[in-house]
Each structure stands twice: as C-alpha cells, then as structure tokens.
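**Student:** Okay, here's the structure, questions in a sec.
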Amino acid sequence: MTALAEALAGDPSLRGPALATAVTARSGTVLAPGGGVLGEGWFVSRLRATCPAHG
1 MTALAEALAG DPSLRGPALA TAVTARSGTV LAPGGGVLGE GWFVSRLRAT
51 CPAHG
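Every letter in the sequence shown is one number past the one before it in our numbering, and letter 53, counting from 1, is 53.
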C-alpha cells in the first residue's frame, strides 16, 4: 500500500501498466511475471479479480 500511495503521490494520473510499473519500482517485494510474490510472503491479486467495480 505504501508503494501505491507513493506512486500516486508522484503522479496522480497513473493508471494501468504505468501505475503497476511505478508501484513495482517502489516496492520492496519482488513480484513474479504473473503478479504473485516470489518466495514466501503475501498473495497479490489483480484489482479487477478482487474488486469487480474496477473491472
């Protein structure tokens, strides 16, 4: 959540792949190409999978 807040604070217009890239660049979590976390840790889901209103 911190990485997302930092990315949007830097550029509130970010959306889609550009937002994902900005969040990943600010995250200490290493993500796999499919969006999951590498190694043990959190489960990461695409927003539209967890929040139908954003599909």
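Glycine included, each C-beta is placed from N, C-alpha and C at the ideal position. Note that the structure is a prediction, hence the values are computed from the model and not measured.
State the CB to CB distance for the pair LEU19 and ALA5, rounded to an integer number of angstroms; the pair is presumed to be in contact (CB under 8 Å).
**Tutor:** Here residue 19 corresponds to residue number 19 of the sequence shown, with the count starting at 1. Here residue 5 corresponds to residue number 5 of the sequence shown, with the count starting at 1. About 12 Å; that fails the 8 Å criterion.
**Student:** Return the chain-ordered list of same chain residues with a C-beta closer than 8 Å to the C-beta of SER27, the five sequence neighbours on each side being excluded.
**Tutor:** Here residue 27 is taken as the residue at index 27 of the sequence shown, counted from 1. Excluding positions up to five away in sequence, the list reads ALA3.
**Student:** Could you give the distance in angstroms between the alpha-carbon of ASP11 and the alpha-carbon of GLY34?
**Tutor:** Counting from one through the sequence shown, the residue named residue 11 turns up at place 11. Counting from one through the sequence shown, the residue named residue 34 turns up at place 34. Near 25 Å, if we compare the C-alpha coordinates of GLY34 and ASP11.
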